[in-house]
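Below: one structure, written as structure tokens.
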Amino acid sequence: MSTVVAQSLHVFGLRSHVANNIFFFDEQIIIFPSGNHCVKYNVDQKWQKFIPGSDKSQDMLALSISPNRRYLAVSETVQEKPVITIYELSSIPCRKRKILNNFDFPVQKFVSMAFSPDSKYLLTQTSPPESNLVYWLWEKQKVMAIMRTDSQNSSVYQVSFSPQDNTQVCVTGNGMFKLLRFAEGTLKQTNFQKGEPQNYLAHTWVSDDKIVVGTDTGRLFLFESGDQRWETSIMVKESTSDRKNLNMIQESESLIQFPTISSPVPSYERAVTTSSRSQITMPQVFAIAAYSKGFACSAGPGRVLLFEKMEEKDFYRESREIRIPVDPQSNDPSQSDKQDVLCLCFSPSEETLIASTSKNQLYSITMSLTEISKCSFSNGGHLFAAVNGNVIHIFTTTTLENISNLKGHTGKIRSIVWNADDSKLISCGTDGAVYEWNLSTGKRETECVLKSCSYNCVTISPDAKIIFAVGSDQTLKEIADSSVLRETSAFDVTYTAVAISHSGRMMFVGTSLGTIRAMKYPLPLQKEFNEYHAHAGPVTKILLTFDDQFLLTTAEDGCLFTWKVFDKDGRGIKREREVGFAEEVLVTKTDMEEKAQVMLELKTRVEELKMENEYQLRLKDMNYSEKIKELTDKFIQEMESLKTKNQVLRTEKDKQDVLHREHVDDLLDKQSRELQDLECCNNQKLLLEYEKYQELQLKSQRMQEEYEKQLRDNDETRSQALEELTEFYEAKLQEKTTLLEEAQEDVRQQLREFEETKKQIEEDEDREIQDIKTKYEKKLRDEKEANLRLKGETGIMRKKFSSLQKEIEERTSDIENLKGEQVKLQGVIKSLEKDILSLKREIQERDETIQDKEKRIYDLKKKNQELEKFKFVLDYKIKELKKQIEPRENEIKVMKEQIQEMEAELERFHKQNAQLELHVVELWQKLRAADQETRRERQTERDLEALVKRFKTDLHNCVAYIQEPRLLKEKVRGLFEKYVQRADMVEIVGLNTDLQQEYARQREHLERNLATLKKKVVKESELHRADYVRIMQENVSLIKEINELRRELKFTRSQVYDLEAALKLTKKIRPQEVPETVSSEDVPGVASTVRLNEQEETERIIEMQRLEIQRLRDQIQEQEQVPGFHHLAGIRLPSLLGSEADLEVQTK
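Here the sequence shown is numbered in the numbering used here, starting from 29 and rising by one per residue.
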């Protein structure tokens, strides 16, 4: 019987009490202790390989891996004796290289080990009470030096070598921090401990002479050559189950989760017991690991802190905090973040940090922070792509597993897009490359590189045949099969985003100006698109919903716009095929758990049934085996009996063979004798028969000659009888042919008579049909003309009615406005009358003052001389102002002429639009009339087809009487009576074929004309709209300039008036000109007349301006009623009341 072999396949578990219990063998493989083995575990591929421990091993205490990753040292207790086994990791499977088990010094167990930088030496630390530090040349199993580290039986937690020097050693423990140097076969201490002793739990070398040490009170020390250079304390933070809300920089992923073992934890337990006496709440630093930027350390339950070196100083600052996440699968999730981190280890590339905890768990922590600039979900939703610089990472949405990395771009990736079936991914970047990736292979299928263009966005057609890309060269490119098929210009703007509809008939692009352009696909050659102003910055992304109903746009201004997509008639876009509902059904987690529980119960039931069936099968096999045994025994007995019978039969057969042979010999002899007798008899008979044959041959010759003679006689008689019969039948044939010719002549005569009657009937009916046709055509023509005339008149009357209603409404509004203006003007008039009364009072007062001022004329003479000087200067200024006013007035005249020309153009455009509208209405009416006529013609055609079918069946029935002329004539007469009464309907069909063809040609011609006219109307409306906008803008600017010029003119006139008044006043007060001047009583009257003339002029200008503005407003309202003209938002005419108020202020 062969022996049973069992082989280790997979292990779950971690021995957390082992010192240095986690290492990286390479980037993917980690080594940790589990059971009596050390396990090599591939994190990516999830396989395990085992390094078996020593036989009869009782406990594993410490691990250490060489810096070159070739050797692994394991400290064990075998049969209560310490053993150090060194494995060679490079060999497959791992083999034992050396075993250190013969010691010349007292030792209970080794609690810590470390390899030298060149992997030639091994440093080991024994446990109390001896606490010896042993320096080994392990290849030769030679002790190079030994030293007692502590005489007070304190615990030593960690020993290590300097990363560059084999002779420098560090030892830390409870109240112990020693730096030792190996020289001349001894280990000598090089530092002297200062200050209070601390419980140093862990340390690490950050450089050749710098060490970071952590304590049980959460303090970190930096020692350089044994002297303290830096110190910090870790902040205490309460551990709560709601730590998800804290600022977690990294997320950790649980690699392996094990139940807590009941064995004691030497190093961890001792550290906890010693620290519990001092401060239980302080975070304890159980592990420190160095990397290129600084170091990582444990900081209490569930916390790992990362420290980075400051650039200018040799100090370190906290950069990140990593927390162990809550395990939702645990029975007590709150306990997940209460476990202490006992060991830390960085991967060779420093991208991953592995941590082991006191709850027998391993956590993998990703160190690299990837900056994701773009992210895009696949159409199926099962994948998503994330862009990091120039690399595209593909993840699954269910497990967040990175299934592929697409590398190939040399510049920053700007845009990515999936095809319809998620089998391909298209990307573009600033390097001018557009790549098409195959996700099944992770390789590029097509590429199009244009170094002179920096692409901004890319999309793909629904059939995944054409790629659309936009970039810095101000074009839209169509790319297929790694080449640019076509380039469409962007007309002096840069496209920043592009999207195509799922139907493949619409395309939307965003520009650097923040506008959205909508265009048809295939792309037009000319500037045929609709442009919408939306954003205040460059558009960054455009997206259409799955049903092409809504458009979403984003830009650098931080705004998200939602657009409703319509066609030109205002209807929503319909998809060619509706999106079907998914077959999947969402269920709750409880349903899934219940289903899983039911499946588990069913599996157990299946297993039970399997076992029961196997048992039943086993019982049946036993029963059948017994039956088979019985049957085989019975069969063997029957075989033996049959064998005996067979033997007996064989003997009988031999006897029968002998008898048979004898009988056969007798028969052969008898046969030979009888054969000889028969041959003799047969020879005699043959001779007799030959003689008879010759006689018969002679008889046959004679008979043949007689028969030939008879045949010749019979031929002669037959020929004579044949000639007589032919003559008789030829005579009869001539008689029959004459009768047949007579009958044919009668038939021809009857046919001629029938045709003549038929022709006469047809001619009569044709004449009647023609008369009826002409009569009805004339009536139809008259009705059509009258109908068209009435329709045109009704359309004109409707338009006149609508226009009159609008005019009435406008007039009522104008009347209300004018009433309001009248009220305002009446108020102004009242105020002006009050001003006039006050001025009259002032004139009276001034008359009184003039008499007083005449006394002061002498004093004013001197001033008069000065005023003459001022007069000269003011005259010069007046001349200059007049020179300035004249060109302004000329400009005003020119602008008025331009306004009149523009008004003429507007009137001409309005007339053209009115004519086109009338033409379109007429064509629509013709089209409706043509549709109605076609419906009538189709109905008549169906009726005629039914009539023809009935006539064919009746005619077929008549054909049955073709041999009976009388009945045939009656049937034809019946047909005539039945169908000739409605023959007009039958004959019109035959005669109206030409008319229908002509009608079809006319209809096609009118439809083509209608289509061309529609296109012309649309184009002219767009052109007119642009012209109207331009004219309106020019009108507004001209009105503003006119108002400004009028204000300036008024201001200058007021200045001139004031100056002239001042000059006249000076002239009046001259003594030599007193008799010649006007009397003091007449001066105020002159001033008042001047003021009145000025007021009349301003009122006249206001009235002219009001009429001008009203006329422009009417023209604008008329243009807004024109189809195709849209009101421009943002352009408003200056207020009529505002302009009047300005002029009133100026007049005052």
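Glycine included, C-beta positions come from ideal geometry on N, C-alpha and C.
Keep in mind the model is a prediction, meaning the values are calculated, not measured.
For residue i and residue j, what's the separation of their Cα atoms in angstroms?
i: TYR549; j: VAL512; result: 17 Å
i: GLN226; j: THR243; result: 7 Å
i: ILE507; j: SER468; result: 22 Å
i: ASP360; j: TRP233; result: 38 Å
i: GLY1179; j: VAL1057; result: Residue 1179 lies beyond the stretch modelled for the chain, which goes from 29 to 1176, so this question has no answer here.
i: GLU894; j: LYS883; result: 20 Å
i: ASP1086; j: PHE900; result: 15 Å
i: LYS638; j: THR425; result: 39 Å
i: SER375; j: ASN433; result: 21 Å
i: GLU805; j: ILE528; result: 56 Å
i: LEU1023; j: ARG795; result: 18 Å
i: ASP237; j: ARG97; result: 23 Å
i: ASP875; j: LYS858; result: 26 Å
i: LEU1034; j: ALA492; result: 42 Å
i: LYS760; j: GLN772; result: 19 Å
i: LEU42; j: SER531; result: 58 Å
i: THR543; j: GLN943; result: 36 Å
i: SER831; j: ARG964; result: 37 Å
i: ARG442; j: SER455; result: 8 Å
i: THR802; j: THR1021; result: 16 Å
Over what stretch of residues does the alpha helix (DSSP H) that includes residue i continue unbroken?
i: ASP87; result: Careful: ASP87 lies outside any alpha helix (DSSP H), inside the beta strand (DSSP E) at 85-93.
i: PHE78; result: Per DSSP, PHE78 belongs to no alpha helix (DSSP H); it is in the beta strand (DSSP E), 76-80.
i: GLN515; result: Note that residue 515 corresponds to Glu in the displayed sequence, not to Gln. No alpha helix (DSSP H) holds GLU515; the beta strand (DSSP E) holding it covers 511-517.
i: ARG499; result: Note that residue 499 is Gly in the sequence shown here, rather than Arg. Counting along the chain, GLY499 falls outside any alpha helix (DSSP H), though it belongs to the beta strand (DSSP E) covering 495-499.
i: GLY1002; result: 993-1007
Under DSSP, the beta strand (DSSP E) around residue i begins and ends at which residues?
i: ASN359; result: Careful: ASN359 lies outside any beta strand (DSSP E) and carries neither H nor E.
i: CYS986; result: Element bounds for CYS986: not the beta strand (DSSP E) but the alpha helix (DSSP H), 885-987.
i: GLY242; result: 238-243
i: LYS471; result: 471-477
i: GLY423; result: Correcting the residue identity first, residue 423 is Phe in this sequence and not Gly. Note, PHE423: beta strand (DSSP E), 419-424.
i: ASN430; result: 430-435
i: MET175; result: 170-176
i: ASP255; result: 255-261
i: MET535; result: 534-539
Does DSSP put residue i in a helix, in a strand, or in coil?
i: ARG98; result: coil
i: PHE323; result: strand
i: ALA383; result: strand
i: HIS1052; result: helix
i: PHE53; result: coil
i: ASP72; result: coil
i: GLU158; result: coil
i: PHE220; result: coil
i: ASP741; result: helix
i: PRO61; result: strand
i: MET395; result: coil
i: GLU811; result: helix
i: PHE40; result: coil
i: SER406; result: coil
i: LEU1023; result: helix
i: LYS137; result: coil
Inset, instruction - Would you list, in sequence order, the uninterrupted beta strand (DSSP E) runs of no fewer than 3 residues that lie entirely inside the segment 549-585? - result: Inside the segment 549-585, DSSP marks whole beta strand (DSSP E) runs of 3 or more residues at positions 558-561, 567-572, 578-583, from first to last along the chain.
Inset, instruction - Would you check if there are 3 or more beta carbon pairs closer than 8 Å linking the segment 901-909 to the segment 995-1006? - result: Per the Cβ contact rule, the segment 901-909 is not in contact with the segment 995-1006 (fewer than 3 Cβ pairs under 8 Å).
Inset, instruction - Would you be able to state if there are at least three C-beta pairs under 8 Å between the segment 913-922 and the segment 1068-1088? - result: yes
Legend entry - Every unbroken alpha helix (DSSP H) inside the segment 623-701 [4 residues or more]: Fully enclosed alpha helix (DSSP H) runs of 4 or longer: not present.
Inset, instruction - Specify whether the segment 169-179 and the segment 110-122 touch according to this definition: at least 3 beta carbon pairs, one from each stretch, less than 8 Å apart. - result: no
Legend entry - Start-end ranges of the beta strand (DSSP E) lying completely within the segment 102-130, minimum 3 residues: 109-116, 123-128
Inset, instruction - Would you check if there are 3 or more beta carbon pairs closer than 8 Å linking the segment 375-385 to the segment 50-66? - result: At 8 Å Cβ cutoff, the stretches touch.
Legend entry - Segment contact flag, the segment 204-220 with the segment 347-356, C-beta cutoff 8 Å, min 3 pairs: no
Inset, instruction - For the segment 728-784, list the beta strand (DSSP E) runs that are entirely contained and at least 3 residues long, ordered along the chain. - result: none
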